[in-house]
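A short worksheet on the structure shown next.
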Amino acid sequence: MSTQSEVQLENDLIAQLNTFGFEPVVIEDATALKANLKVQLERANDISLTDREFENVLISLEKGNIFDKSKRLRGKVDVVHEDGTVSYLTLLFTDTSKNIFQVTNQITIHGKYENRYDITILVNGLPLVQIELKRRGIEMAEAFNQIKRYDKHTYGAEGGLFNYVQLFVISNGVNTKYFSNNRELSFKQTFHWTDVENQKINALPQFADAFLNQEHLTKMLSRYIVQNESGKFLMVLRPYQFYAVEAIVNQVATTNKNGYIWHTTGSGKTLTSFKTAQLLTQLDDVERVLFVVDRKDLDYQTAKEFNAFLKGCVDSTDNTKSLLNQFLGKAEKGKAVNENRNSKLIVTTLQKLNNLVTKGHYKKQIEDIANQRMVFIFDECHRSQFGETHQNLVEFFGRAQLFGFTGTPIFADNATAKKIQNQGVQKRTTRDLFGERLHSYVIVDAIRDDNVLPFAIEYYGKLKQRDTGIDVDVSSIDISEFFSSPKRIRKVCKHLIGIHRHKTKGQFNAMLCVASVPDLITYYDTLKTLKEEGQHNLNVATIYSYGVNEEEEYEVDINIKGVNEASAKYHSRDKLDSYIDDYNHHFGTSYSTKDTDSFYNYYKDIAKRTKDGEVDILLVVNMFLTGFDAPGLNTIYVDKNLKYHGLVQAFSRTNRLNGTVKSHGNVMCYRNLKPQADEAFTLFSNKQPIEYIEVPDLNGLTEDFTKALAALKAIVPDVQSVDDLPNEDLQAGFVKQFRILMRLKNQLETFSDFDIETLGISEQEFVDYASKYSDLARELKKGPADKESILDNIDFELELLQRDNVNVGYIRHLLQTMLEESSKEAQGKKRQVIANLLATEPSLYSKRELIEGFIEKSMQGIVQGEEFDEYIEEQKQKELQQIVLEENLDTDKFSEMIIELENGLDVECLKSDDIAQLTTEKMTFRSRRTILPRITQRLKSFADTFVSGFH
Numbered sequence: 001m002s003t004q005s006e007v008q009l010e011n012d013l014i015a016q017l018n019t020f021g022f023e024p025v026v027i028e029d030a031t032a033l034k035a036n037l038k039v040q041l042e043r044a045n046d047i048s049l050t051d052r053e054f055e056n057v058l059i060s061l062e063k064g065n066i067f068d069k070s071k072r073l074r075g076k077v078d079v080v081h082e083d084g085t086v087s088y089l090t091l092l093f094t095d096t097s098k099n100i101f102q103v104t105n106q107i108t109i110h111g112k113y114e115n116r117y118d119i120t121i122l123v124n125g126l127p128l129v130q131i132e133l134k135r136r137g138i139e140m141a142e143a144f145n146q147i148k149r150y151d152k153h154t155y156g157a158e159g160g161l162f163n164y165v166q167l168f169v170i171s172n173g174v175n176t177k178y179f180s181n182n183r184e185l186s187f188k189q190t191f192h193w194t195d196v197e198n199q200k201i202n203a204l205p206q207f208a209d210a211f212l213n214q215e216h217l218t219k220m221l222s223r224y225i226v227q228n229e230s231g232k233f234l235m236v237l238r239p240y241q242f243y244a245v246e247a248i249v250n251q252v253a254t255t256n257k258n259g260y261i262w263h264t265t266g267s268g269k270t271l272t273s274f275k276t277a278q279l280l281t282q283l284d285d286v287e288r289v290l291f292v293v294d295r296k297d298l299d300y301q302t303a304k305e306f307n308a309f310l311k312g313c314v315d316s317t318d319n320t321k322s323l324l325n326q327f328l329g330k331a332e333k334g335k336a337v338n339e340n341r342n343s344k345l346i347v348t349t350l351q352k353l354n355n356l357v358t359k360g361h362y363k364k365q366i367e368d369i370a371n372q373r374m375v376f377i378f379d380e381c382h383r384s385q386f387g388e389t390h391q392n393l394v395e396f397f398g399r400a401q402l403f404g405f406t407g408t409p410i411f412a413d414n415a416t417a418k419k420i421q422n423q424g425v426q427k428r429t430t431r432d433l434f435g436e437r438l439h440s441y442v443i444v445d446a447i448r449d450d451n452v453l454p455f456a457i458e459y460y461g462k463l464k465q466r467d468t469g470i471d472v473d474v475s476s477i478d479i480s481e482f483f484s485s486p487k488r489i490r491k492v493c494k495h496l497i498g499i500h501r502h503k504t505k506g507q508f509n510a511m512l513c514v515a516s517v518p519d520l521i522t523y524y525d526t527l528k529t530l531k532e533e534g535q536h537n538l539n540v541a542t543i544y545s546y547g548v549n550e551e552e553e554y555e556v557d558i559n560i561k562g563v564n565e566a567s568a569k570y571h572s573r574d575k576l577d578s579y580i581d582d583y584n585h586h587f588g589t590s591y592s593t594k595d596t597d598s599f600y601n602y603y604k605d606i607a608k609r610t611k612d613g614e615v616d617i618l619l620v621v622n623m624f625l626t627g628f629d630a631p632g633l634n635t636i637y638v639d640k641n642l643k644y645h646g647l648v649q650a651f652s653r654t655n656r657l658n659g660t661v662k663s664h665g666n667v668m669c670y671r672n673l674k675p676q677a678d679e680a681f682t683l684f685s686n687k688q689p690i691e692y693i694e695v696p697d698l699n700g701l702t703e704d705f706t707k708a709l710a711a712l713k714a715i716v717p718d719v720q721s722v723d724d725l726p727n728e729d730l731q732a733g734f735v736k737q738f739r740i741l742m743r744l745k746n747q748l749e750t751f752s753d754f755d756i757e758t759l760g761i762s763e764q765e766f767v768d769y770a771s772k773y774s775d776l777a778r779e780l781k782k783g784p785a786d787k788e789s790i791l792d793n794i795d796f797e798l799e800l801l802q803r804d805n806v807n808v809g810y811i812r813h814l815l816q817t818m819l820e821e822s823s824k825e826a827q828g829k830k831r832q833v834i835a836n837l838l839a840t841e842p843s844l845y846s847k848r849e850l851i852e853g854f855i856e857k858s859m860q861g862i863v864q865g866e867e868f869d870e871y872i873e874e875q876k877q878k879e880l881q882q883i884v885l886e887e888n889l890d891t892d893k894f895s896e897m898i899i900e901l902e903n904g905l906d907v908e909c910l911k912s913d914d915i916a917q918l919t920t921e922k923m924t925f926r927s928r929r930t931i932l933p934r935i936t937q938r939l940k941s942f943a944d945t946f947v948s949g950f951h
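When the letters of the sequence shown are read in order and numbered with UniProt numbering, they come out as residues 1 to 951.
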């Protein structure tokens, strides 16, 4: 049986498009293309053009490059008639029914060379979609390279109408991808289409059904091509971005409900949110669209990125007065009103928005517009919306709809208690604040699709008892004295200096995140000292938030200009200024913390230089660990405790795509964060997380509070008796018991009918106890002055403990932890995570049936968890025997080849004669063409399933 030819593939697709209502048309060359264009423009616009009038239209259409033509396509073309009247031609309608769709093939264009194109989709006579096909078995990259060649040689020739192409589709029948008309694209920037659940639609007939139908194609061409103004190139949304935008726009157009989007970090959230905001401003009944970020340092960057997509579409507001003027439609003093800016779209910060609705002199001026229909889009809503500001906005803007974007939502498992005005302390999830999740694209989806890179995580650090040399489990130690030890930090600094060039490949840069400002100061000073000693030449820069009324002081080098021995202890702000002086000296700048603007400008400059690779290591505590995208950054050194969304956000600074050399993000942990990393990746790979927090029962909480209060009174009958506690153990007992009482009170305050006076203690007495608790807890935390130092007993040694690649091998670890779970519910959760990985990780596709079979047998008790290797070997032997039997192979020769495969032989390197010597069957020339490819394919499938990933 022969394989499908390219011609047959082409004919089948044209026939399929005909069934969709695409009119077949024969167009052989540029002359016929222009003649057809005249007819279709007249049909679509219900107009008649003379030959001279059409020639003038062609002259207008020929002007400009690909970017210019894309903008013209979405506007109108003037027609000056011979009688002096003027008409306007629409080239592309947003209403599908008004467009005329045609399909043709084998158009020949003469440019530098002669090129003949496969299939062209014409809309109102213009070629807007070009499809290039290769027969089955040929790589799609060949079709991509062919398009690049056509672009170079003929797309701009003979009137340049093919420069109106907006979308390209390439396919070999079994795999299909699409991409925008952008000359700078690489093959990596071509996309598979998927369904709403992120399942790929690869086969050409199914792709055509989903993507090339007239309604969807109209949407993609009229709404989802994005013109990047700063780079003057075209972009097209990826499927998950498309589904997210569609979901929000539909929610606003048809309901008054809120919602949120879970798209993993690094998946192009800015483009998604921009397109969402842009389309929402086109809805007549929406008065304003506000894109809200949670810190001033993100405001400038977000506005800059939005303006890249549509020049002048947003203004970054510098202060609350500026935001007020935008609401009122006023121009700022000394500034002209930007007529090009869409006044319905505002980018601002959460803090300025909160000022607007809480400060009386601002609030009064916008009371008249408080009930306008507005849509708020919140960036990084996992951290920006869990305080009083959210409540203030909801109460003031009565008709507002709220939508959140986050890469790491807050679920029941990672929710933390926060105090909310008039509501006590509560745990709240992203769903509690924004309603239903409208679309998900999780980290395993993004790694599968090559939209972000996988992580390689290394855990360093070993503790040994000094006298005995016995290992101490580093994960069981969390003593600040040890982790903040200058001796340990110096060891870490020397280690990261030693591996930095290898990890960054000499062309990327890194971040170093630490636990606190005091630790950062020790790190910076140590790295500076090591540089002065000649141990490295790395450019280290830092930035952090400083306190106003600090207790702690830090040593300052007395050799620094203006410092003498009498004033050699500085606060963290003084230290930061000295570090900014180092930065100024290196880069010739003049920043400081003396005023907000100077510090903000320092923030922007350090962000830019880090992105540009001028900073080798950026040293931070919290800043830049979320919302900061630097494709040239590939490594993060971690010396702080992280978990859940904080961990994933920090790690994700390293995995942005940046060429073929950057294959993964490096995460170097100097604390044993493996349990936390496993937990975080498990949570954020699970598409069915628990989004509701169970509300405690009032009667139960009241009973618990009464018991806890009795236990407290047994220790300290009244407030003054706290001072009489004779020793540290009893003092610690009071602190622990009052902490329990506070937690219960916070939970009880969420109930409207709660009255503490009915539970045996007055509000004043509780507050008095709280004061004693705060001071005593602080003293106990400090500990006695003569406390024995852990540093006297423990040595810290830098040793690689473990390396995890969060891709293929990760599945095995999760499988083992699933089988170790004691409850069926916990096993079910882990099983779902594994199922998600099997469904979304390409390198696991071939192993899906194998691993699911093992899971099923283990759940039934047929095999044990530790028998995984034996199970794999048993299935492998069964498959080998089946191939030998069904393909009539020589058992010994086949076994020898399998051994070679396990030792690294690539199936792709095998020649036909290598395969032919395996079979005992006599082959004719004709049968050889069928048998050998079949055996080769079975060998490849066997290697994918049983060799790769296991050896």
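Every residue gets a Cβ at the ideal spot worked out from N, C-alpha and C, and that includes glycine.
- prompt: How would you label G700, buried or exposed, when you count the other beta carbons within 10 angstroms and need 16 or more for buried?
  reply: exposed
- request: Please say whether M140 and N182 have beta carbons closer to each other than 9 Å?
  value: In terms of Cβ geometry, N182 and M140 do not form a close pair [threshold 9 Å].
- request: Tell me whether H110 is buried or exposed, calling it buried when 16 or more other Cβ atoms sit within 10 Å of its Cβ.
  value: exposed
- request: Assign S480 to one of three DSSP states: helix, strand, or coil.
  value: Three-state DSSP puts S480 in a helix.
task: Look at A208 and F327 and say whether their C-beta atoms are less than 9 Å apart.
output: The answer is no: Cβ separation not under 9 Å.
- prompt: When the Cα of P486 is compared with those of L512, D525, D450 and E458, which residue comes out closest?
  reply: D525
- request: Just tell me which of D723, F766, L725 and N727 has its CA closest to the CA of I740.
  value: F766
field: Run of the alpha helix (DSSP H) containing F93, from where it starts to where it stops
entry: Note, F93: premise wrong, no alpha helix (DSSP H); not H, not E.
field: For S895, the residue or residues it bridges with in DSSP
entry: Paired residue(s): none; S895 is not in a bridge.
task: Give the secondary structure of N228 by DSSP, where H, G and I count as helix, E and B as strand, and everything else as coil.
output: strand
message: Can you tell me which residues form a DSSP beta bridge with W262?
response: T406 and S440
task: Taking 9 Å as the cut-off, decide whether the C-beta atoms of K503 and V661 are in contact.
output: Result no, Cβ atoms of K503 and V661 do not sit closer than 9 Å.
message: Mapping the DSSP letters down to three states, classify P486 as helix, strand or coil.
response: helix
- request: Flag this pair as yes or no: are the beta carbons of T408 and Q649 separated by less than 9 Å?
  value: yes
- prompt: Is DSSP giving K713 helix, strand or coil here?
  reply: helix
- request: Just the C-alpha distance for residue 958 and E184, rounded to the nearest angstrom, thanks.
  value: It is not possible to answer for residue 958, since the shown part of the chain is limited to 1 through 951.
field: For I107, three-class secondary structure by DSSP
entry: coil
field: Distance, M511 Cα to V667 Cα
entry: 10 Å
message: Please list the terminal residues of the continuous beta strand (DSSP E) segment that includes K63.
response: Counting along the chain, K63 falls outside any beta strand (DSSP E), and DSSP gives it neither H nor E.
- prompt: Can you tell me whether DSSP reads Q351 as helix, strand or coil?
  reply: helix
message: What does the Cβ neighbour count give for V452, buried or exposed, with the cut at 16 atoms within 10 Å?
response: buried
task: Tell me, please, which residues DSSP counts as bridged to residue 952.
output: Residue 952 is absent from the structure shown; the chain starts at 1 and stops at 951.
DSSP three-state assignment for V620, whether helix, strand or coil: strand
C-alpha distance - N414 paired with A677, whole-angstrom precision: About 13 Å.
- prompt: From this set, L657, K63, L683 and E6, which residue's C-alpha is nearest I119's C-alpha?
  reply: E6
query: What residues are listed by DSSP as bridge partners for C669?
result: Y459 and V638
query: Would you call T85 buried or exposed, if buried means 16 or more other Cβ atoms sit within 10 Å of its Cβ?
result: exposed
task: Below 6 Å CB to CB, which residues in the same chain sit around V764 once its five sequence neighbours on both sides are set aside?
output: Note that residue 764 corresponds to Gln in the displayed sequence, not to Val. If we look at Q764 and ignore the five residues flanking it on each side, it has no Cβ neighbours.
- prompt: Are there 16 or more other CB atoms within 10 angstroms of the CB of G75, so buried, or fewer, so exposed?
  reply: exposed
- prompt: Helix, strand or coil for T194 per DSSP?
  reply: In the structure shown, T194 sits in a strand (DSSP, three-state: E or B).
query: Using the rule of at least 16 other Cβ atoms within 10 Å of the residue's Cβ for burial, across every protein chain shown, is D557 buried or exposed?
result: Annotation note: pLDDT 44 at D557 (below 50); position unreliable, coordinate value reported separately. That one is exposed.
message: Taking the alpha-carbon of P631 as reference, which of R656, L647 and H645 has the nearest alpha-carbon?
response: R656
Pairwise C-alpha distance: T176 and R136: 11 Å
message: Please state the DSSP three-state secondary structure of D697.
response: DSSP places D697 in coil when its eight states are reduced to three.
task: Taking 8 Å as the threshold, find out whether the region 22-35 comes into contact with the region 217-228 through three or more Cβ pairs.
output: no
- prompt: On the three-pair Cβ rule with 8 Å, is the region 240-252 touching the region 268-286?
  reply: Remark: three or more beta-carbon pairs, one from each stretch, lie closer than 8 Å, so the region 240-252 and the region 268-286 are flagged as touching.
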